[in-house]
Amino acid sequence: MVRVLVVGEDPRMVAFLGAALRGSGHRIRTAGSGADAIEAAEQWAPGIVVQDGFEITRSVRGQRRRVPAVFVTPGDQFQSMLPGLTLGGGEYLAKPFSSVELIATVRTVLRHVHSTDTTGATAVLRCADLELVEDTRDVRRAGQTIELTPTEFSLLRYLMYNAGQVLTRMQILEHVWPYDYAGDDRAADMCIGRLRRKVNRVQPPLIHTVRGLGFCLRKPTAEKT
């Protein structure tokens, strides 16, 4: 569990960021201005800052301690973000993005910052004979490589993080599709249908539809503990 300071002037974005990170087990504090962010950084000592832009983080790093950051910005503003990224310990996340992408980016920054204190092991998710490697984005089942689109990969990662739990269509849309997605919610059904065909090509099936409720990734009955 890491202390995450979420900074931004858009209440909806701040609420989205905070909810996603809190749901992944982090402790959250929010700030709506540079002054509030600097005060929180001094008093609360966050492990990482997630925010729009980089000016606030530049100010925070002007204090006695350096704070790694995830910079959230529209994709067309990437060039203007480069000075912020050169401050060290930072990563760029372009809008639109999903909560799964946000959480993965935060993990990447923290893993990089603390690499001298850890083994540097790559995060690997497993369910029965299904394996997902986060850093390389490799997916294998029974040793066979499964080719996935970026959305299918994010969906599978979300299912694997919540293996054994039934996830509703709304939960999937909120966690896998972009923050400002406003499309047809049948997109989840179509994507999970494609993903299920790829993953369940090797038997027994791992991805299941729970009628009237949602979807679930679970081990075969014989392997439950």
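With my numbering applied, the sequence shown corresponds to residues 694 to 918, in that order.
Cβ coordinates follow ideal geometry from the N, Cα and C atoms, glycine included.
#1: Could you give the residue range of the alpha helix (DSSP H) that holds G727?
#2: Using a Cβ-Cβ cutoff of less than 6 angstroms, which residues in the same chain neighbour A713 once the five nearest sequence positions on both sides are dropped?
#3: Taking its Cβ as the centre, do 16 or more other Cβ atoms sit within 10 Å of D703, making it buried, or is it exposed?
#4: On the DSSP letters alone, give me the boundaries of the alpha helix (DSSP H) that R862 sits inside.
#5: Evaluate E845 with the Cβ neighbour count: other Cβ atoms within 10 Å of its Cβ, from every protein chain shown; 16 or more gives buried, anything less gives exposed.
#6: What does the Cβ neighbour count give for D745, buried or exposed, with the cut at 16 atoms within 10 Å?
#7: Under 9 angstroms between the Cβ atoms of E784 and V760?
#8: With H, G and I counted as helix, E and B as strand and the rest as coil, what does DSSP make of R911?
#9: Between the C-alpha atoms of T902 and T829, what's the straight-line distance to the nearest angstrom?
#10: Measure the C-alpha to C-alpha separation of L848 and T766 and round it to an integer number of angstroms.
#11: Buried or exposed: where does L823 fall if 16 or more other Cβ atoms within 10 Å of its Cβ makes it buried?
#12: For A881, which residues of its own chain have a beta-carbon under 7 angstroms away from its beta-carbon, when the five flanking residues on both sides are left out?
#13: Can you list, in chain order, the residues of its chain whose CB lies under 8 angstroms from that of G886, leaving out five sequence neighbours each side?
#14: In angstroms, rounded to a whole number, what distance separates the CA positions of Y851 and V869?
#15: Can you tell me the Cβ-Cβ gap for A730 and L698, rounded? I've got them flagged as a contact below 8 angstroms.
In brief:
#1: 727-737
#2: S792, L795
#3: exposed
#4: 862-869
#5: Under this definition E845 is a buried residue.
#6: buried
#7: no
#8: Coil.
#9: So the alpha carbons of these two residues sit roughly 28 angstroms apart.
#10: 23 angstroms
#11: buried
#12: A distance below 7 angstroms between beta-carbons, with the five flanking residues on each side excluded, links A881 to the following residues of its chain, in chain order: R862, I865, L866.
#13: none
#14: Straight-line measurement puts the Cα of V869 at about 7 angstroms from the Cα of Y851.
#15: 6 angstroms
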